[in-house]
Structure formats: C-alpha cells, structure tokens
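Chemist: Quick one: the structure is below, and I'll ask about it shortly.
2 protein chains.
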Amino acid sequence: MIDAYLEILDAFSPLQEEARALIESQITIKDIPKGDFILQEGSVCNHIYFLHSGFARQFYYKNGKEITEWFAASKEFCFSIESYFHQTPSKLMIQTLEDSTVIFLHRDAYMELSKIQSDLSQLAIKMFAESLVFSQRRMEHVLFESAKDRYVHLLETKPNIIQKVPLAYIASFLGITQETLSRIRGQL
Amino acid sequence: MIDAYLEILDAFSPLQEEARALIESQITIKDIPKGDFILQEGSVCNHIYFLHSGFARQFYYKNGKEITEWFAASKEFCFSIESYFHQTPSKLMIQTLEDSTVIFLHRDAYMELSKIQSDLSQLAIKMFAESLVFSQRRMEHVLFESAKDRYVHLLETKPNIIQKVPLAYIASFLGITQETLSRIRGQL
DNA sequence: GAAAACCTTTGATATTTATCAAATAAACAG
DNA sequence: CTGTTTATTTGATAAATATCAAAGGTTTTC
Numbered sequence: 001m002i003d004a005y006l007e008i009l010d011a012f013s014p015l016q017e018e019a020r021a022l023i024e025s026q027i028t029i030k031d032i033p034k035g036d037f038i039l040q041e042g043s044v045c046n047h048i049y050f051l052h053s054g055f056a057r058q059f060y061y062k063n064g065k066e067i068t069e070w071f072a073a074s075k076e077f078c079f080s081i082e083s084y085f086h087q088t089p090s091k092l093m094i095q096t097l098e099d100s101t102v103i104f105l106h107r108d109a110y111m112e113l114s115k116i117q118s119d120l121s122q123l124a125i126k127m128f129a130e131s132l133v134f135s136q137r138r139m140e141h142v143l144f145e146s147a148k149d150r151y152v153h154l155l156e157t158k159p160n161i162i163q164k165v166p167l168a169y170i171a172s173f174l175g176i177t178q179e180t181l182s183r184i185r186g187q188l
Numbered sequence: 189m190i191d192a193y194l195e196i197l198d199a200f201s202p203l204q205e206e207a208r209a210l211i212e213s214q215i216t217i218k219d220i221p222k223g224d225f226i227l228q229e230g231s232v233c234n235h236i237y238f239l240h241s242g243f244a245r246q247f248y249y250k251n252g253k254e255i256t257e258w259f260a261a262s263k264e265f266c267f268s269i270e271s272y273f274h275q276t277p278s279k280l281m282i283q284t285l286e287d288s289t290v291i292f293l294h295r296d297a298y299m300e301l302s303k304i305q306s307d308l309s310q311l312a313i314k315m316f317a318e319s320l321v322f323s324q325r326r327m328e329h330v331l332f333e334s335a336k337d338r339y340v341h342l343l344e345t346k347p348n349i350i351q352k353v354p355l356a357y358i359a360s361f362l363g364i365t366q367e368t369l370s371r372i373r374g375q376l
C-alpha cells in the first residue's frame, strides 16, 4: 500500500533510506467511504493528502452555491494550498465521490523530511511550478474559449472525470450553468 | 542598488553571508529603455528578473492578438515559469512600459545558491504557493464575476496599473474587448 | 416496487458581451 | 504648430450564456 506512494515520490526525487523510513513511520492511512470529507470547511489543512485509490472533488461555497475547483483521481495529491500555507480555516472542502483510501502526510512530518533530505524541496517546487503552468493554461481557456470549447477540451484531456461526475459539478468547474452544459452536450 | 534586492530576499528568508556574497557576484544589472524587451518570444527564459525600478508587462500572442498576462511593478519579480522550468522557448514576452532597471539572476546562480543555503528553497515554495493562491482567486473572479466587477476589483487592488497602462492591455488581461471596457468605464 | 430525492433536459426570455463600423480625442514627429 | 499615427469612445446589431420555470429521467430508500 505504502509502496505505490513511495514509488511516486521516488520518481520525482530519489528518496534516501532515512527519508523513506521517516515517511513510513509518519504517514497515516484511512479508508474514507463515499460522500465523506477528507477536508472539512473551517478546519485548518495540516496534511497533504494522497489518494491511493478512489476519487474526490475539491469544492467551496460561493453565494450559497457549490463551486467545484478540481478533482483528485487515484494516485494524485490534493490539499488546500491556502489553508496549509497560511494556517487559516479552509474555505475548500475535499469530499470523496467513491470509497477511497487516503494517505495523510502531516505538515510537521513534511518539515522533518525536508530537513533530512533537502532536495525534496525541489520536488515541491517542481510540483508547484507545474500547477502554476496548468493554472495559467486554464486561465487562458476560461478567458478566451467558449463554454463549448472548454467542455470539449475537458472531455479530451480528462475523459474519466466526465463519466464519474454529476453534470452540475462539471458545470460549476467550467464556470457555466448546468442548463448550458446540458445543451452543449446535446449538440455534440 | 543591490541593497534593495538583497533586503527583499532577506525578508523572505534571512540570507547567510556566503549566499549574500554569491548573489552580489553573480547578478547582472541592466537599464532597459521603455518599449524594449526583458524577455523575447522564442528565447529560453534562463533568468529570474527583478524590477529594481520601472514597469513592465508580460504578454503573449493568441490568434495574432496580444494578450496581457500580468504586469510587473517596481520591486517585483517576473519570469516565464514555463520556459524557465521546462527549458523551452518562451511564448511569453516581457516588455518594459517605462525606462526600467532590471536585476538578472541566472538559473545556474540560483541553483548554486540553493545548494549553499537550502532554506532558500522554502522561499521559492512560499512564493509559488502565494502565486497559486492568487491564481485561484483570479480564476474565481473570471468564472463568476461580471466584466464590470472584475474591472472594479482591479481598480481597487491595483490602481497604479490602470493609470499607467493603455486600455487595450487591461482589456486583454480581463479577457474582454476594449469596446466593452470603454463602456464599463463610462458607467462608473 | 412505490415514493422520494436527485439529476438532466427542454423551452421562453433576458442579460451580458462580442463584433463591425465609424467618429472623436490624444499623443507624437517633424 | 500641423499632419499623422495611435488610443478611446460611441452606435447598431448579433451571438453566447444566464435565468426562471417546468417536465422527464434515474437512483435510492424503505
């Protein structure tokens, strides 16, 4: 179970034995049933979560409506960057959409780790840089492509999401109403 | 001249004497007249730029049109994250809008630095995390606020930009046409 | 397996923003 | 200054998307 996790970290930046041992001793693993929360609104995000298996969505409330920010698939990481770094109550919630197994890495453990093996910071930097590039690409789409083109793009790059997820979640992620998304679907 | 730069880095993460000396020996400082490019399209971004003084815009071409991605004001950093990390030709251009003085930190020098003083990585992580939070907030605005609200928000948070910059640059940053922005202005 | 809850589609209309065309206004060069 | 370029505003119309209301579908639950 832990192996897949270590392997993924290792691929980013080869882990020293000491670091590997620290991770094994510090992480916790939880089974989280469908619909339960990995991170609840109002609590401080003190972990980096890794979905060993399952599927989750990250969302927040805006004017009483649920806005889906993104999804986390199997073998992906997620957490509230804002809450984690500012140590403030999270606006973001993370909820499983399937029964999931989640690996929790605590902030303190991560800090320990980056002392033991300083090049792990390079891993974090790489991940953040990738996220920023991704975020800028998405911004470009949102600003200059039609709702239809954005949906088609999502369909092409993340087909698994569209199958697993109710239309309303996708609509709010794309920044359109469910009615519009339904009509777009009808046209394809 | 260098002092202001070192001070800013120092505020993020106190610099050791050795790191400070390395920076002083490795950076280059250039005066760049209004309208000239700090980073040109097609060249690989191998530096992190710091505007000691002046003002610049970051933009790229999409379907033959200039799209402004963001601005860099005095005492701010800028570079093409994508080109820098992927080592690919930059789509992004950075052009001064006023006579500017720019401090160049080369990628190699940065690498050296982070070996000498590993907690500088924490600085980079903090900066990226902030950028990501900023980017997510902007996404929320772009997805769910009207063009008018977005303009008003920019006006409130970055009033200096609006004074210095032609309307067309702001319009493309907001993802609207100049005509629409002109009408929005008329209403306020 | 019927009722309830939830999800998706459809229709009519209103609002926002884009597009195309042209008129002003401002900045700039000689 | 004066013509020339560049930036901004205005108008008429078209396209995209939202909103409100309601009707069909699916799933879930007991």
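In order, the protein sequences belong to chains A and B.
First residue of the first sequence? That's 1 in our numbering, and the numbers climb one at a time after it.
First residue of the second sequence? That's 189 in our numbering, and the numbers climb one at a time after it.
Each residue gets a CB set at the ideal place from its N, CA and C atoms; glycine is no exception.
1) Ignore the nearest five residues each way along the sequence and tell me which others in Q87/A's own chain have a CB closer than 7 Å to its CB.
2) Taking C-beta pairs closer than 9 Å, name the residues in chain A that Q204/B reaches, listed in chain order.
3) What are the start and end residues of the beta strand (DSSP E) that includes D296/B?
4) Closest by CA to Q40/A, which one among Q58/A, S25/A, I27/A and F50/A?
5) List the residues of chain B whose Cβ lies closer than 8 Å to the Cβ of R138/A, in chain order.
6) Using a Cβ cut-off of 8 Å (strictly closer), state whether K336/B contacts chain A.
7) Is H235/B closer than 8 Å to L293/B when the C-beta atoms are compared?
8) Taking Y151/A as the reference, give the member of A4/A, S25/A and I184/A with the closest Cα.
9) Is M93/A helix, strand or coil by DSSP?
10) Taking only runs that begin and end inside the segment 8-33 of chain A, name each unbroken beta strand (DSSP E) of 3 or more residues, in chain order.
11) Would you list the one or two residues that DSSP bridges to A72/A?
12) Mind checking if G252/B is an interface residue toward chain A, Cβ cutoff 8 Å exclusive?
13) List the residues of chain A whose Cβ lies closer than 8 Å to the Cβ of F332/B, in chain order.
14) Which whole-angstrom value is the C-beta distance of L362/B and I350/B, which I expect to be below 8 Å?
15) So, is M93/A buried or exposed, given that buried needs 16 or more other C-beta atoms within 10 angstroms?
16) Taking Cβ positions, are L132/A and I269/B nearer each other than 8 Å?
17) Return helix, strand or coil for S309/B, following the three-state DSSP convention.
Modeler: Let's see:
1) Correct list, in chain order: V44.
2) In chain order: nothing, as chain A lies at least about 14 Å away.
3) D296/B -> not in any beta strand (DSSP E); alpha helix (DSSP H) instead, spanning R295 to I304.
4) Q58/A
5) M327
6) The beta carbon of K336/B sits no closer than 8 Å to any beta carbon of chain A.
7) yes
8) I184/A
9) strand
10) 28-32
11) A56/A
12) no
13) Simply K62, I67 and G175.
14) Between I350/B and L362/B the Cβ distance is about 11 Å, and since that is not below 8 Å, they are no contact.
15) buried
16) yes
17) helix
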